[in-house]
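Visitor: Here it is, the structure in full.
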Amino acid sequence: MSILAVLDQVSCANTAWATRTPRHAHHAMQVHLDCTVGECPAKTHAWRMLVRLGHIRPDSGRPRS
277 MSILAVLDQV
287 SCANTAWATR
297 TPRHAHHAMQ
307 VHLDCTVGEC
317 PAKTHAWRML
327 VRLGHIRPDS
337 GRPRS
């Protein structure tokens, strides 16, 4: 796989990769560490998936998208 293919796969716009499996979602959260939920589509989709699966418990004091 070329470097461009890898970069495209983990880009903020690639929500399909970020939600393919729970493992991908966890990886997306790590890759997009500097991104913000609600602004980065990949991290937002991954975060929502992990919340839905019970892998993340949202902080009740913080509003999230």
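Going left to right, the sequence shown walks through residues 277 to 341 as this note's numbering numbers them. Idealized CB from N, CA, C, for every residue including glycine.
#1: In terms of residues, what are the limits of the alpha helix (DSSP H) holding M277?
#2: Is the beta carbon of A301 less than 9 Å from the beta carbon of V286?
#3: Check whether the Cβ atoms of D319 and A292 lie closer than 9 Å to each other.
#4: Under three-state DSSP, which class holds R324?
#5: Given that a residue counts as buried once 16 or more other Cβ atoms are within 10 Å of its Cβ, and exposed if not, what is M277?
Guide: In short, the structure shows the following:
#1: Position 1 of the sequence shown, counted from the start, is the residue given in the question as residue 277. Note, M277: premise wrong, no alpha helix (DSSP H); not H, not E.
#2: By one-based count along the sequence shown, residue 301 stands at place 25. By one-based count along the sequence shown, residue 286 stands at place 10. The answer is no: Cβ separation not under 9 Å.
#3: Counted from its first residue, the sequence shown places residue 319 at position 43. Counted from its first residue, the sequence shown places residue 292 at position 16. Note that residue 319 is Lys in the sequence shown, not Asp. A292 is positioned such that its CB atom lies no closer than 9 Å to that of K319.
#4: Taking the first residue of the sequence shown as position 1, residue 324 is located at position 48. Of the three classes helix, strand and coil, the one that applies to R324 here is helix, per DSSP.
#5: Here residue 277 refers to the residue found at position 1 of the sequence shown. For M277, the number of other beta carbons within 10 angstroms of its own is below 16, and it is reported as exposed.
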